[in-house]
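Its first residue numbered 70, the sequence shown is counted upward by one per residue in this note's numbering.
Notes follow once the structure below has been shown.
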Amino acid sequence: MDLLPLAALLERAYRLALVVQDDRAISPGTGEFLLIELVDVLDEARVALLAAHRTFTVG
70 MDLLPLAALL ERAYRLALVV QDDRAISPGT GEFLLIELVD VLDEARVALL
120 AAHRTFTVG
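Pasting the structure below:
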């Protein structure tokens, strides 16, 4: 399994987290959207990592 898509998801999550961390850059109402997006991206990365694990342990 190619791990590059997983790395891209983690990079996206990292960048979203940096924006959330720097709350001065967030306009009112945007923070909640960013947090929801961050959770979604982390969930995608979690699923991809589990799939990669299954591929390496089974295959």
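Every residue, glycine too, gets a C-beta built ideally from N, C-alpha and C.
All figures in this text were calculated on a predicted structure; none of them were measured in a lab.
Proximity below 8 Å, CB of residue i to CB of residue j
| i | j | result |
| --- | --- | --- |
| Leu136 | Ala114 | Residue 136 is absent from the model: the chain starts at 70 and stops at 128. |
| Leu72 | Ala120 | no |
| Val89 | Gly98 | no |
Exposed unless 16 or more other CB atoms sit within 10 angstroms - verdict on residue i
| i | result |
| --- | --- |
| Leu78 | buried |
Cβ-based neighbour list, residue i, same chain, cut-off 7 Å, excluding 5 preceding and 5 following
| i | result |
| --- | --- |
| Ala117 | Pro74, Leu75 and Leu78 |
Same chain only: Cβ atoms within 8 Å of residue i, ignoring 5 sequence neighbours per side
| i | result |
| --- | --- |
| Val110 | Leu78, Arg81, Ala82 and Leu85 |
Nearest-angstrom beta carbon gap, residue j and residue i [assumed within contact, 8 Å]
| i | j | result |
| --- | --- | --- |
| Met95 | Leu107 | In the sequence as presented, Met is not what sits at residue 95; that position holds Ile. About 12 Å separates the two Cβ atoms, so there is no contact after all. |
Local conformation of residue i per DSSP, three classes
| i | result |
| --- | --- |
| Gly100 | helix |
| Asp71 | coil |
| Asp91 | coil |
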